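Here the sequence shown is numbered in the numbering used here, starting from 235 and rising by one per residue.
For each residue, glycine too, the CB sits at the ideal point set by N, CA and C.
Remember, it's a predicted structure, so these values are computed and weren't measured experimentally.
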Amino acid sequence: MGSNKDSNQSSKPKILWVNVLFFLITGLFAVVVVPWYGIVEGYDLFQVVAALLCMGYCGMSITAGYHRLWSHPTYKTKNWIKVIYALGGAFAMQNSALHWSSDHRVHHRYVDQNDKDPYSAKRGFWYSHMGWMLRDYSGDRYNDYSNAPDLKRDPIVMWQHR
Ligand SMILES: [Zn+2]
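Below you can see the structure in the form of structure tokens.
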């Protein structure tokens, strides 16, 4: 019985502890430390505006940059805007633009095919939003960016990736 349990556990990809700790620590900050600070110390206008600006900057870098500019090249833009998106994407801590966009192209190509879509919704709510980042599900495919030759030629994408 013990060996059966062991073989089931070892068939799951290994846990990515850096990612698990990152989400645990930032999650605890968001649900405990931030409200606690607000109750004990209060937030002033500068802090509220700074938080909203940071949130907007990170959000735009992912939606307009990683998603619309780099994953699906829906428009072209100037290099200085790409640099702003590249810095904001790093600030948002959502991996490099090359990695994010390559994953996202796989997702669109194989939507909800559980063996190929990196965050298939058919594997459940938890898996498609969080679980896919907590274990090494991509394995050897992790550094395969063959679906993004255009991004590999983009010096700003590669500068940010390095
Ligand atoms: Zn998309």
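Distance, residue j Cα to residue i Cα
i, j, result
"residue 394", "residue 256", "21 Å"
"residue 273", "residue 390", "42 Å"
"residue 383", "residue 339", "12 Å"
"residue 289", "residue 330", "18 Å"
"residue 271", "residue 281", "12 Å"
"residue 258", "residue 343", "31 Å"
"residue 240", "residue 246", "Here residue 240 scores only 47 on pLDDT, less than 50, and its place in the model should not be relied on; the value that follows carries that caveat. In a straight line, the C-alpha of residue 240 is about 10 Å away from that of residue 246."
"residue 268", "residue 252", "22 Å"
"residue 305", "residue 297", "10 Å"
"residue 341", "residue 321", "24 Å"
"residue 388", "residue 348", "31 Å"
"residue 361", "residue 307", "27 Å"
"residue 261", "residue 372", "24 Å"
"residue 265", "residue 276", "16 Å"
Residues near residue i in its chain [Cβ-Cβ closer than 8 Å; skip 5 each side]
i, result
"residue 386", "332, 379, 392"
"residue 317", "390"
Residue range of the alpha helix (DSSP H) that includes residue i
i, result
"residue 306", "Segment: none, residue 306 is in no alpha helix (DSSP H) and carries neither H nor E."
"residue 260", "251 to 262"
"residue 363", "359 to 363"
"residue 316", "313 to 325"
"residue 367", "No alpha helix (DSSP H) holds residue 367; DSSP gives it neither H nor E."
Proximity test, residue i beta-carbon vs ligand 1 heavy atom, cut-off 7 Å
i, result
"residue 295", "no"
"residue 338", "yes"
"residue 301", "yes"
"residue 245", "no"
"residue 305", "yes"
"residue 395", "no"
"residue 342", "yes"
Anticipated Cβ contact below 8 Å, residue i with residue j, distance rounded
i, j, result
"residue 319", "residue 295", "5 Å"
"residue 250", "residue 369", "6 Å"
"residue 263", "residue 291", "So it is not a contact: roughly 19 Å between Cβ atoms."
Beta-carbon proximity list for residue i, same chain, < 7 Å, skipping 5 on both sides
i, result
"residue 365", "none"
"residue 376", "none"
Residues near residue i in its chain [Cβ-Cβ closer than 6 Å; skip 5 each side]
i, result
"residue 346", "354, 355, 356"
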